[in-house]
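Those letters in the sequence shown? Residues 23 to 122, per our numbering, in order. The beta-carbon is built from N, C-alpha and C at its ideal position, and this holds for glycine as well. I have placed the structure first, in the form of structure tokens, so that the comments after it can refer back to it.
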Amino acid sequence: MALKHKKYLFLYLLALAIPCCLFWKMYVTQKYIKLENEVRNLEELQYDSIEYNKRLISEISVKTVPSRIETIAREELGMRPALPEEVVRIKIAQSEVQDE
23 MALKHKKYLF LYLLALAIPC CLFWKMYVTQ KYIKLENEVR NLEELQYDSI EYNKRLISEI
83 SVKTVPSRIE TIAREELGMR PALPEEVVRI KIAQSEVQDE
């Protein structure tokens, strides 16, 4: 009689384990899909950020060309090269630099 009850108990546990395993698999699969989508979104964001940085670097290199800076200084800011008599040279003695 005890053997018969153990056999039924095993079958009941097996019958409960199968749906539990299926639900666990669904949960893990759902979590995997969610994480996969998040990784894909982060990769797209990373790609967009890299492209944006490339454009910024290109823009910086264009805007820092000396001839462009000189043109802006002359035309937009009204600047001109200093005349020799307008240049003031400052000489610092070595002893003053070492004292500080």
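Query: Inter-residue Cα distance where the pair is Glu60 and Val87; Result: 41 Å
Query: Between the CA atoms of Lys53 and Tyr34 - distance to the nearest angstrom; Result: 29 Å
Query: DSSP-derived helix/strand/coil call for Glu81; Result: helix
Query: Extent of the continuous alpha helix (DSSP H) to which Arg96 belongs; Result: 88 to 97
Query: Cα-Cα separation between Glu81 and Leu64, rounded to whole angstroms; Result: 25 Å
Query: Coil, strand or helix - Leu31 by DSSP; Result: helix
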